């Protein structure tokens, strides 16, 4: 069956293919918003290699990229502690996996690299965390307190009823929000996404209500295990990525694109945006659409790990996953000088920053170009990030004399590119540690 344009744009294959079309447009000097300095590509590769060698004795020790890392901040194995407690209560491996998936789905949908103002003081340790790790620890403590469960006797789970009835007050208390001193931007948007997830769980009973009286995100494990395409082996279930993909897409990304702001993507497609660099005269009105599917891919990267570690499952088809088009990975390419904004776009972004700084509560330090999520600058930046990180990955493997099995894309992102982008931001903009481009209203 030949895929329709809709099927294609919803697919993972389209992400890599369309992003490389943008990269090829750059080679032909057709980019509209960025300049590329090919002489700096090796600098990016060397910096990534240096981080891997600095932080790991062996490349094989690099962990996979997933939300699990955020929970283990400061070397404290919080998820393992949870697993141990559930084992002591007699829960089997499948139920423990369901519970971790429950937690991880909420954590991914809540995930935001919060700005430098917000912080979270962990109740269990008294330590204070910021940004993505702070968000993860806050979600964990809400989870263990039963904030996402409608059954007081089963607090360590997430269910549709609790999500639909979740209040902003609960989240603000859980995230220790103070509207004067500890603001967490975008919390209302995240609440909308969680409430929508509750509705999705009820509407897709085939995915989420195979086990138990109420729909849960973690019940997707039962759907996958029972699916006709899943093969049972001695090691564990062999699950096709194409079986998991439509499940994760319905959890959040498609809803974000339907929101009235219109800045979360194209309705019906999700995290997909038009890109002028690849717009040619064509009868196909979607030939210049570039998909990223960042939220859905981040879910897949994060959910695969507990499936593999706790149940011995194997996910077939992960080579289709792409580098994540987030602003840490994109910042790596900009802060090394490999790509840079064209002067007119830089000036436009600076003007936008100054206008935004006049609004109440907006920062006025470390000026950087500012654009909306759906601005063509951001679309081109994300496309270049996706394509060039694939190229960087191959060159890093060559430098370390490793193949894809030894240094997969997911390990490369966790061990180098994402952390490299963050470290360069800390060096280049020490007060805010923001990426080189500020994206207003970023939801992905």
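In the numbering used here, the protein residues as written are 43 to 486.
Idealized CB from N, CA, C, for every residue including glycine.
Since we're looking at a predicted model, the values are computed, not measured.
{"query": "Residue 154: first and last residue of the uninterrupted beta strand (DSSP E) it sits in", "result": "Premise fails: residue 154 is in no beta strand (DSSP E) and is neither H nor E."}
{"query": "Same chain, Cβ closer than 8 Å to residue 79, neighbours up to 5 away in sequence not counted", "result": "379, 380, 381 and 382"}
{"query": "Whole-Å CB distance - residue 104 paired with residue 440, under 8 Å assumed", "result": "Contact flag wrong, Cβ pair sits at about 17 Å."}
{"query": "Residue 283 to residue 389 span [Cα, whole Å]", "result": "43 Å"}
{"query": "Which listed residue (258, 257, 289 and 212) has its alpha carbon closest to that of residue 22", "result": "Examination of residue 22 is not possible in this model, given that the chain is present from 43 through 486 alone."}
{"query": "Where the beta strand (DSSP E) through residue 77 begins and ends", "result": "76-78"}
{"query": "Opening and closing residue of the beta strand (DSSP E) in which residue 311 lies", "result": "Where residue 311 is concerned, there is no enclosing beta strand (DSSP E), given that its DSSP letter is neither H nor E."}
{"query": "Whole beta strand (DSSP E) elements within the region 238-325, 3-residue minimum", "result": "279-282 and 314-316"}
{"query": "Under the three-state DSSP convention, the category residue 197 falls into", "result": "coil"}
{"query": "Length of the line joining the Cα atoms of residue 150 and residue 291", "result": "13 Å"}
{"query": "Residue 373 vs residue 467 beta-carbon contact at 7 Å", "result": "yes"}
{"query": "Best match in 465, 420, 443 and 435 for proximity to residue 453 [C-alpha to C-alpha]", "result": "435"}
{"query": "Identity of the residue in 106, 316 and 86 nearest residue 449 by Cα", "result": "106"}
{"query": "Counted within 10 angstroms of its Cβ, other Cβ atoms place residue 43 as buried (16 or more) or exposed", "result": "The pLDDT assigned to residue 43 is 49, lower than 50, so where the model puts this residue is not dependable; a value taken from the coordinates is nonetheless given after this. Burial call: exposed."}
{"query": "Meets three-Cβ-pair contact criterion under 8 Å: the region 420-431 and the region 309-324", "result": "yes"}
{"query": "Terminal residues of the alpha helix (DSSP H) in which residue 336 lies", "result": "336-353"}
{"query": "DSSP beta-bridge partners of residue 482", "result": "414"}
{"query": "First through last residue of the alpha helix (DSSP H) which encompasses residue 225", "result": "Per DSSP, residue 225 belongs to no alpha helix (DSSP H) and is neither H nor E."}
{"query": "Per-residue burial, residue 215 [other beta carbons within 10 Å of its own, 16 or more giving buried]", "result": "exposed"}
{"query": "Endpoints, beta strand (DSSP E) assigned at residue 464", "result": "It is not in any beta strand (DSSP E) - residue 464 instead sits in the alpha helix (DSSP H) that spans 460-470."}
{"query": "Local Cβ density within 10 Å of residue 445, reported as buried at 16 or more and exposed below that", "result": "exposed"}
{"query": "As assigned by DSSP and simplified to three states, the class of residue 43", "result": "Any reading at residue 43 is ruled out, since the residue's pLDDT is 49, under 50, leaving its predicted position unreliable."}
{"query": "Minimum C-alpha distance to residue 179 - residue among 165, 83, 190 and 462", "result": "165"}
{"query": "With 16 other Cβ atoms within 10 Å as the buried cut-off, status of residue 97", "result": "exposed"}
{"query": "Residue environment, residue 386, which counts as buried when at least 16 other CB atoms sit within 10 Å", "result": "exposed"}
{"query": "Residue 159, DSSP secondary structure in three states", "result": "coil"}
{"query": "CB contact flag (residue 394, residue 412, <7 Å)", "result": "yes"}
{"query": "Alpha-carbon to alpha-carbon, residue 231 and residue 337", "result": "14 Å"}
{"query": "Same chain, Cβ closer than 6 Å to residue 108, five either side skipped, listed in chain order", "result": "343, 344 and 347"}
{"query": "Cβ pair residue 57, residue 333 closer than 7 Å", "result": "yes"}
{"query": "Presumed contact (8 Å Cβ cut-off) between residue 83 and residue 462, rounded CB distance", "result": "Residue 83 to residue 462, Cβ: 14 Å. No contact."}
{"query": "Where residue 383 falls: helix, strand or coil (DSSP)", "result": "strand"}
{"query": "Between the CA atoms of residue 399 and residue 159 - distance to the nearest angstrom", "result": "15 Å"}
{"query": "Neighbour-count burial assignment, residue 235, 16 or more Cβ in a 10 Å radius", "result": "buried"}
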